[in-house]
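Just so you know, the sequence shown maps onto residues -23 to -1, 1 to 630 in mature numbering (1 follows the signal peptide of the UniProt record, and there is no 0).
Structure first, commentary second.
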Amino acid sequence: MSMQTLIRLAVAWLLLPSFPSAAADLSAQRQLFHQAEQAQAKGRRAEWVELLPRLRGYPLYPSLAADQLSGDLDNHRAIESFLDQYGWSRAASRLRRDWMEHLAELGEWRRFFAHYQEGDDKALRCLYHYGQIATGKSDEGYAGGEALWLSGNSLPKSCDLLFDRMASAGRLTRDKIWRRFQLALEHKQPQLAASIETYMGADDRRVAGFWRKVHDNPKLALTCAPLPAPGHLGGKIFVHALDRLASHDAERALGLWRGHRSQVDVAAEDAAYMERRLALALALSRHPGAYAALEALPAERDDEDVRAWRVRAALLARNWPAVLSAWQRLSAVEKNQPEWRYWQGRALEQLGESQTSKEAYGQAAQQRDFFGFLAADRIGGQYHTSHKPTVVDARDMQRLADSPPFEAVREWRWLDRDSEAQAEWFHALKRLSAQDKAVAAKLAQQWGWHSVAIATAARADTWDDLSLRFPVAYEHAVERHADRQQLDPGIVYGLIRQESAFDRNAQSAVGARGLMQIMPSTAQTIAKVLREKFTSVGLLHDPEVNVRYGTYYFKDLLERFRGNFAMAAAAYNAGPQRVHRWQPAGGTVPSDIWVEQIPFKETRHYVSTVLGNAIIYQEQLNGKGKRRIGQLLPEVPAGSSRDDDGGSGGGCF
């Protein structure tokens, strides 16, 4: 029997209905599944094809069957049948995508359009719009392509076909090409910018090449020679250079802008952008002129970032009337957020408005977060940490657990294939109602799958179930090492929840691993201090090792920053050198103001979240080591606050 015949027989099996077999031995099926995966990996196709029919009814059968069909993409009937039967599965989603790309290659547009879905990824969207053009719906296709074109990020390879068609039809105008080139550089994608140059004429390519050099070395645009670009293009290059410079030397960028703007042809919209950019850069660098610069911006440049940093700039100067004035300019929605209610209360308190400040604090204190807890401290109130369990019917949990998608998830977990399990879980969530998402969150909690329970609870809007959202797990390791380092367990739990959401297998894009997201290099250093052998990065996925190293590191940071938990948390996230640079140049600063001034949005959010988590965990732990949040936040001492200029100076300006 030929291989092609074997494959066709296997595909015929795929068209038969599948029923779970109660009599089937699950352990035997798992062994067969392992054999089939091994056969596939080693290219033993005949063995794989022979094993496939024996796995019908096994929860992970769709994964293997989809792999089988992906090698026979011309068998449209079998694929359509598979998608009808197993459309719930992530494997079906992957197969449909591969098949759709194949249909586009064949020019089978009628079938492609029949299976295209709103919300498909950009690769299929590009093919969809190309298909529209190919089948006579040019206006719709070009309009869709133009919307995709204006992206500062790289797009799938399939989009090149669409864009080339648009270019040949004259639909990629010079203005649109320059706009995407600029977007690419704004998104720090110089390689993408270089690829966009292929759509330009020779003169524009020369200008674009210079612009890319300016992106890498802004001082090239800050010379006395005329910029090698006509009209507004020269102005855009000048603005881009100052934009880059402002990230690490806002004061110098402002001086260059004021001194040389008149020498360059800058469009009005670019000038307005630059004024806003420089005002925000001054605020981010804690410059004393930031508030005045933000105040001077015209109303049309007043957005959420400008309004927030106007308040922060006034706080930096401890100018309480200005804080209150800036608070008044927040939107109605922003004013009701606990962060800004708290600062309203602080300003009113400093201005002697005792009663109205208490009212503002009282509103903020109703919230279960960092600013709510700070506000409660200000009025001597109780923390709002009430727990409202999510109540679901046990029968609904069983129904969900027994459904094919969640049987597949459970099987992936049994096989210790956590990444596949999570991918299948979140794929399944997309099809659930809001009520069933809450059921799923409780199911994940029942399985002890804390990271997934936390993420699912957020999708289900079950914000008040604290046992679900703030689990107490790995107690032995946490209690032991918190005690050894003389740390409140609540602080350690607060860090773990923010770092990994209790996923021991977590790994960040930069290589941090485990519950407390320890970098291997940090682990090596700690292991030497503790006189331990660190033989493998895999050790960081052991909760005992990870929590030992994480608590040691956090305690070291806490001592380095004189017991200030906000500074230690900021250093844990952004590194101690940055925190040293963020210290005030002279005198001390209240910690609440210092946290609000952290220039990195991620770190600012991280610090407030970790400290808020810690208070919630103190309640979960029945008051063990219970402290008010203010006790964690002594004043921030003076330190070196000057950043170096990154070497982007020079030129005759």
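Each residue gets a CB set at the ideal place from its N, CA and C atoms; glycine is no exception.
Residue i to residue j, Cα distance in whole Å?
i, j, result
"Trp304", "Ala378", "49 Å"
"Glu612", "Leu292", "15 Å"
"Leu(-8)", "Ile503", "Here the model assigns Leu(-8) a pLDDT of 45, short of 50, so the residue's position is not dependable and the matter cannot be decided."
"Ala562", "Ala615", "5 Å"
"Arg390", "Ala435", "22 Å"
"Glu163", "Arg278", "19 Å"
"Ala16", "Arg7", "14 Å"
"Arg235", "Val283", "20 Å"
"Ala299", "His557", "28 Å"
"Ile570", "Lys578", "15 Å"
"Ala230", "Trp559", "20 Å"
"Ile154", "Tyr176", "7 Å"
"Gln343", "Glu14", "54 Å"
"Arg238", "Gln159", "20 Å"
"Ser331", "Gly339", "12 Å"
"Gly564", "Gln574", "16 Å"
State yes or no: is the C-beta of residue i within less than 7 Å of the C-beta of residue j?
i, j, result
"Ala400", "Leu37", "no"
"Leu50", "Met77", "no"
"Gln462", "Leu445", "no"
"Lys583", "Asn550", "The amino acid at residue 583 is misidentified as Lys; the sequence shows Tyr. Contact flag set, yes."
"Gly211", "Asp242", "yes"
"Ala415", "Thr439", "yes"
"Glu456", "Pro466", "yes"
"Leu32", "Leu72", "no"
"residue 659", "Ala81", "Since the first residue of the chain shown is -23 and the last is 630, residue 659 is not available in this structure."
"His458", "Val524", "yes"
"Ala294", "Arg318", "no"
"Asp442", "Pro520", "no"
"Val514", "Ala543", "no"
"Tyr119", "Arg148", "yes"
"Ala290", "Tyr268", "yes"
"Ala270", "Ala256", "yes"
"Ala223", "Ile214", "no"
"Val587", "Ala545", "no"
"Phe479", "Ala454", "no"
"Trp402", "Val368", "no"
"Leu301", "Ala324", "yes"
"Ala260", "Trp286", "yes"
"Tyr526", "Ala500", "yes"
How would you label residue i, buried or exposed, when you count the other beta carbons within 10 angstroms and need 16 or more for buried?
i, result
"Ala405", "buried"
"Pro39", "buried"
"Asn590", "buried"
"Asn130", "exposed"
"Lys419", "buried"
"His11", "exposed"
"Asn541", "buried"
"Pro275", "exposed"
"Cys201", "Its pLDDT being 43, under 50, Cys201 is placed unreliably by the model, and the measurement read from it follows with that caveat. The residue is exposed, with fewer than 16 neighbouring Cβ atoms inside 10 Å."
"Val135", "The residue asked about is misnamed: residue 135 is Ser in this sequence, not Val. Buried, since its Cβ has 16 or more Cβ neighbours within 10 Å."
Please look up how many angstroms separate the CB atoms of residue i and residue j, rounded, as I've assumed it's under 8 Å.
i, j, result
"Ile606", "Phe447", "No, Ile606 and Phe447 are not in contact; Cβ-Cβ is about 16 Å, not under 8 Å."
"Leu199", "Lys190", "Not quite, the Cβ-Cβ distance comes to about 13 Å (not below 8 Å), so this is no contact."
"His264", "Ala227", "6 Å"
"Gly96", "Gln109", "Going by Cβ atoms, the distance from Gly96 to Gln109 rounds to 17 Å, so no, they are not a contact pair."
"Arg481", "Leu492", "6 Å"
"Arg345", "Thr362", "6 Å"
"Leu535", "Pro553", "At roughly 11 Å, the Cβ-Cβ gap does not stay under 8 Å, so Leu535 and Pro553 are not in contact."
Is any heavy atom of the ligand HEM found at a distance shorter than 6 Å from the C-beta of residue i?
i, result
"Pro567", "In terms of ligand content, the structure shown is empty, and the ligand HEM therefore cannot be addressed."
Pick helix, strand or coil for residue i, following the three-state DSSP scheme.
i, result
"Gln314", "coil"
"Gln94", "coil"
"Gln494", "coil"
"Val241", "coil"
"Gln344", "coil"
"Val566", "strand"
"Gln595", "helix"
"Val487", "coil"
"Val613", "strand"
"Ser47", "helix"
"His264", "coil"
"Gln6", "helix"
"Ile(-17)", "Interpretation of Ile(-17) is limited by its pLDDT of 48, a score under 50 that renders its predicted location unreliable; the figure taken from the coordinates is listed afterwards. In this structure, Ile(-17) counts as helix in the three-state DSSP scheme."
"Arg555", "helix"
"Pro205", "coil"
"Ser625", "Since pLDDT at Ser625 reaches only 34, below the 50 mark, its modelled position is unreliable, and no value is offered."
"Pro298", "helix"
Are the C-beta of residue i and some C-beta of chain B separated by less than 7 Å?
i, result
"Arg376", "Protein chains in the displayed structure number just one, and chain B is not present."
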